[in-house]
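Structure first, then comments.
Residue numbers (this note's numbering): 26 to 307.
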């Protein structure tokens with residue numbers, strides 16, 4: 026589901042013998058099976074069955090070429106179509122493809138998603154590898170409490186469906202930069218308590234500004250991400266999901282409209298890798 030209205034999540038408003046052993050040439054045991062007899066037949070059946078089972082096991086263990094991810098959040102997820110950016114990064118690397126669905130509604134925190142039900146129904150289909158949960162900054166006491174409660178409830182559903190939960194750490198509004206630490210702490214705590222993968226996007230924003238204070242990561246409303254801000258988020262999420270940094274190219278699909286210099290793109294890549302390396306939850 027998609028929406029288009031700007032929002033700040035409500036709580037922030039206050040993903041398995043019968044063989045002879047006679048010596049053969051050069052002293053090696055001669056292995057032969059009699060042409061008849063139930064024990065020999067049993068041996069053949071067992072060996073054949075073992076080979077078949079081995080082939081089935083190999084087929085089952087063969088890695089999938091797709092990573093299936095469900096995104097649950099609000100406009101901080103669907104702004105600039107973040108999931109499509111992550112898919113474009115996957116397409117540019119020739120590794121696994123990203124298959125995704127987005128359940129994102131304006132002004133929705135995890136509590137609203139829990140009560141509304143579409144997100145839970147999507148999780149219950151049981152086809153996801155990872156389910157990404159996104160709330161608001163959650164820097165306030167009320168926001169942190171809601172984040173902890175509903176991350177726990179959703180994580181139980183996600184694990185029951187055979188997927189791993191992931192928590193998308195966002196950022197505070199531009200006018201409340203002092204909330205970055207509290208927002209980061211809330212997400213680290215919620216991820217630790219629920220065995221969730223942490224996607225430290227808010228930390229990556231600060232790492233990027235340490236390198237280049239002039240990077241415009243906020244949009245004009247001073248809360249939602251600019252295309253560069255969403256691109257940095259995509260780099261963070263991609264590296265966590267796929268286990269290696271993305272190629273900082275801007276020539277594929279949803280990335281082609283991002284206006285960054287090569288140096289700025291490299292800066293964002295370095296910031297994403299730094300934040301992921303320092304992440305306390307793996």
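All C-beta atoms in this analysis are idealised placements derived from N, C-alpha and C, irrespective of residue type, glycine included.
Quick caveat, the model's predicted, so the values are computed rather than measured.
Backbone CA spacing between residue 291 and residue 133 [nearest angstrom]: 33 angstroms
Separation of residue 259 from residue 108, as counted between CA atoms: 8 angstroms
Burial state of residue 228 (16 or more Cβ within 10 Å): buried
Looking at the secondary structure, which residues open and close the beta strand (DSSP E) in which residue 245 lies? It is not in any beta strand (DSSP E) - residue 245 carries neither H nor E in the DSSP assignment.
Report, in whole angstroms, the separation of the C-beta atoms of residue 195 and residue 96, which I expect to be a contact under 8 angstroms. Going by Cβ atoms, the distance from residue 195 to residue 96 rounds to 13 angstroms, so no, they are not a contact pair.
Exposure label - residue 127; buried when at least 16 CB within 10 Å: buried
Check residue 144 in the structure and name its three-state DSSP category. helix
Could you spell out where the alpha helix (DSSP H) holding residue 252 opens and where it closes? Where residue 252 is concerned, the enclosing alpha helix (DSSP H) stretches over 252-267.
Looking at the unbroken alpha helix (DSSP H) that takes in residue 282, where does it start and where does it end? No alpha helix (DSSP H) contains residue 282, which DSSP labels as neither H nor E.
If you run the structure through DSSP and keep just helix, strand and coil, what is residue 222? Note: residue 222 maps to strand in three-state DSSP.
Over the uninterrupted beta strand (DSSP E) stretch that includes residue 125, give me the two end residues. Segment 122-129, the beta strand (DSSP E) holding residue 125.
Using a Cβ-Cβ cut-off of 7 angstroms (strictly less than) and excluding sequence neighbours within five positions of residue 142, which residues of its own chain qualify? none
Using CA coordinates, which residue listed in 162, 148, 152, 201 is at the minimum distance from residue 181? 148
Separation of residue 144 from residue 209, as counted between CA atoms: 24 angstroms
Cutting at 8 angstroms between CB atoms, please list the residues of its own chain near residue 285, excluding the five before and the five after it. 253, 256, 275, 293
Please confirm whether any heavy atom of the ligand NAP lies closer than 8 angstroms to the CB of residue 115. The ligand NAP is not part of the structure shown, which contains no ligands of any sort.
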